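In this text, residue positions in the sequence shown follow the working numbering: the first is 1, and each later residue adds one. From the three backbone atoms N, C-alpha and C, an ideal C-beta is built for every residue, glycine too. All of these numbers come straight from a predicted model, not from anything done at the bench.
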Amino acid sequence: MEADENDVNAFTATSVDALTEAVTDLRDDVRCLVLYGESDFSVGANLADVQNTPQELRPAKIDNTAAASNRFIQALRSLDAPVVAAIVGTAAGGGLGFALACDMVVMHEPASLDTAYARIGLTPDNATPFFLTRAVGPYQARDLLFDPRPISASEAKSLGITDRIVTGSHTDFLAEISELANRLARGPTDVYGKIKTLVDSAFQSQLDDHLELERDMIRTASESDVFNEGLNAFVEKRDPEWD
1 MEADENDVNA FTATSVDALT EAVTDLRDDV RCLVLYGESD FSVGANLADV
51 QNTPQELRPA KIDNTAAASN RFIQALRSLD APVVAAIVGT AAGGGLGFAL
101 ACDMVVMHEP ASLDTAYARI GLTPDNATPF FLTRAVGPYQ ARDLLFDPRP
151 ISASEAKSLG ITDRIVTGSH TDFLAEISEL ANRLARGPTD VYGKIKTLVD
201 SAFQSQLDDH LELERDMIRT ASESDVFNEG LNAFVEKRDP EWD
């Protein structure tokens with residue numbers, strides 16, 4: 001992500017399009033994708049850039065950034081490979097939306113989240129209300145969006161926003177993320193993609209439809225070389241070797 005002068009990974013439409021292009025180019029090769037910002041995950045759109053834009057042109061600039069962000073989120077969500085948000089520093093506004101669009105959210109213990117939008121008089125984008133409501137429910141989502149405030153890692157975990165918290169130094173955090181990513185990268189990517197579809201279906205389908213989707217997915221998976229290797233490894237009491 002493109003960093004501003006304060007190194008907080010504020011983004012523009014151009015920098016987000018570059019991220020989308022990178023994800024698209026990697027989609028057939030990547031086994032696990034980690035989204036990470038060096039000192040801060042991301043504070044969202046570059047508001048200094050917006051402020052420097054003539055007022056009559058600001059809606060177009062914001063709309064372009066929102067469109068670019070939508071393309072990036074769709075690129076992330078369409079990957080079969082697991083996508084992990086590794087959060088240090090702050091994930092705020094659109095940066096929080098990018099984090100919530102990932103499959104797993106891992107936070108360094110000192111890190112924080114912040115919905116931010118209402119603080120500057122904007123409605124949320126980057127799928128923030130979509131994924132936040134799924135994670136915490138409508139009442140808590142409205143609370144967090146109406147009254148933006150820093151959300152600590154421990155509170156984020158209690159709300160169901162983050163999967164795990166890593167204590168220790170920044171180096172310890174990166175080591176934990178690397179270990180997780182490598183473990184996931186050794187797993188069955190095609191199966192992960194199907195699991196993503198099933199989890200998303202749980203929010204969108206009636207039970208009967210979801211059960212049929214599960215049946216179709218597991219039948220298709222059972223026909224694959226991935227399952228054949230996994231089954232053989234289980235019976236032979238060894239780790240599977242997936243390409």
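Legend entry - Asp114 vs Arg149 beta-carbon contact at 8 Å: Walking along the sequence shown from the start, residue 114 turns up at place 114. Walking along the sequence shown from the start, residue 149 turns up at place 149. Yes, the Cβ-Cβ distance between Asp114 and Arg149 is below 8 Å.
Legend entry - beta strand (DSSP E) segments (min. 3 residues) lying fully within the segment 113–199: 164–166
Inset, instruction - Output the distance between the C-alpha atoms of Phe227 and Ala48, rounded to the nearest integer angstrom. - result: If you number the sequence shown from 1, residue 227 lands on position 227. If you number the sequence shown from 1, residue 48 lands on position 48. Using only the alpha carbons, I get a separation of about 51 Å.
Legend entry - Cβ contact check for the segment 88–103 and the segment 124–139: 3 or more pairs under 8 Å: yes
Legend entry - Beta-carbon contacts of Met104 that lie in its chain and below 6 Å, excluding the five residues immediately before and after: In the sequence shown, the residue the question calls residue 104 occupies position 104. If we look at Met104 and ignore the five residues flanking it on each side, its Cβ neighbours are Val84, Asp163.
Legend entry - Asn182 versus Ala75: straight-line alpha-carbon distance, rounded: Working through the sequence shown from its first residue, we reach residue 182 at position 182. Working through the sequence shown from its first residue, we reach residue 75 at position 75. Cα-Cα distance, rounded: 21 Å.
Legend entry - CB-CB length for Phe72 against Val106, believed under 8 Å: On the sequence shown, residue 72 is found 72 positions in, with the first residue counted as 1. On the sequence shown, residue 106 is found 106 positions in, with the first residue counted as 1. About 19 Å separates the two Cβ atoms, so there is no contact after all.
Legend entry - Buried versus exposed, by CB contacts within 10 Å (16 or more), Gly89: Numbered from 1 along the sequence shown, position 89 holds the residue referred to as residue 89. Gly89 comes out buried.
Legend entry - Under the three-state DSSP convention, the category Leu76 falls into: Position 76 of the sequence shown, counted from the start, is the residue given in the question as residue 76. Helix at Leu76.
Inset, instruction - Please classify Asp40: is it buried, with 16 or more other beta-carbons within 10 angstroms of its beta-carbon, or exposed? - result: Looking up residue 40 in the sequence shown gives position 40. Buried.
Inset, instruction - In angstroms with no decimal places, state the Cα-to-Cα distance between Ser42 and Gly94. - result: Numbered from its first residue, the sequence shown carries residue 42 at position 42. Numbered from its first residue, the sequence shown carries residue 94 at position 94. When rounded, the distance between both Cα atoms is 8 Å.
Inset, instruction - Could you tell me whether the segment 45–63 touches the segment 189–204, where touching means 3 or more Cβ pairs closer than 8 Å? - result: no
Inset, instruction - Can you tell me the Cβ-Cβ gap for Ala13 and Asn64, rounded? I've got them flagged as a contact below 8 Å. - result: Translated into the one-based positions of the sequence shown, residue 13 becomes position 13. Translated into the one-based positions of the sequence shown, residue 64 becomes position 64. Ala13 to Asn64, Cβ: 4 Å. Contact.
Legend entry - C-beta contact flag for His210 and His108 at 8 Å: Walking along the sequence shown from the start, residue 210 turns up at place 210. Walking along the sequence shown from the start, residue 108 turns up at place 108. No. Outside cutoff.
Inset, instruction - Quick one: grab the DSSP three-state call for Thr90. - result: For the purposes of this step, residue 90 is taken as the residue at position 90 of the sequence shown. If DSSP states are grouped into helix, strand and coil, Thr90 belongs with the strands.
Legend entry - Beta-carbon spacing of Ala202, Arg31 below 8 Å: Here residue 202 corresponds to residue number 202 of the sequence shown, with the count starting at 1. Here residue 31 corresponds to residue number 31 of the sequence shown, with the count starting at 1. Taking 8 Å as the Cβ cut-off, Ala202 and Arg31 do not qualify as a contacting pair.
Inset, instruction - Please report how far the alpha carbon of Arg215 lies from the alpha carbon of Pro188, in whole angstroms. - result: Locating residue 215 in the sequence shown gives position 215, counting from the first residue. Locating residue 188 in the sequence shown gives position 188, counting from the first residue. Approximately 19 Å, taken between the alpha carbons.
Inset, instruction - For Pro82, collect the residues of the same chain with a Cβ closer than 7 Å to its Cβ; drop the 5 residues on either side in sequence, then sort them by chain order. - result: As a position in the sequence shown, residue 82 is number 82, starting the count at 1. Once the five neighbours on either side are set aside, the close Cβ partners of Pro82 are Cys32, Asp103, Met104, Leu184, Tyr192.
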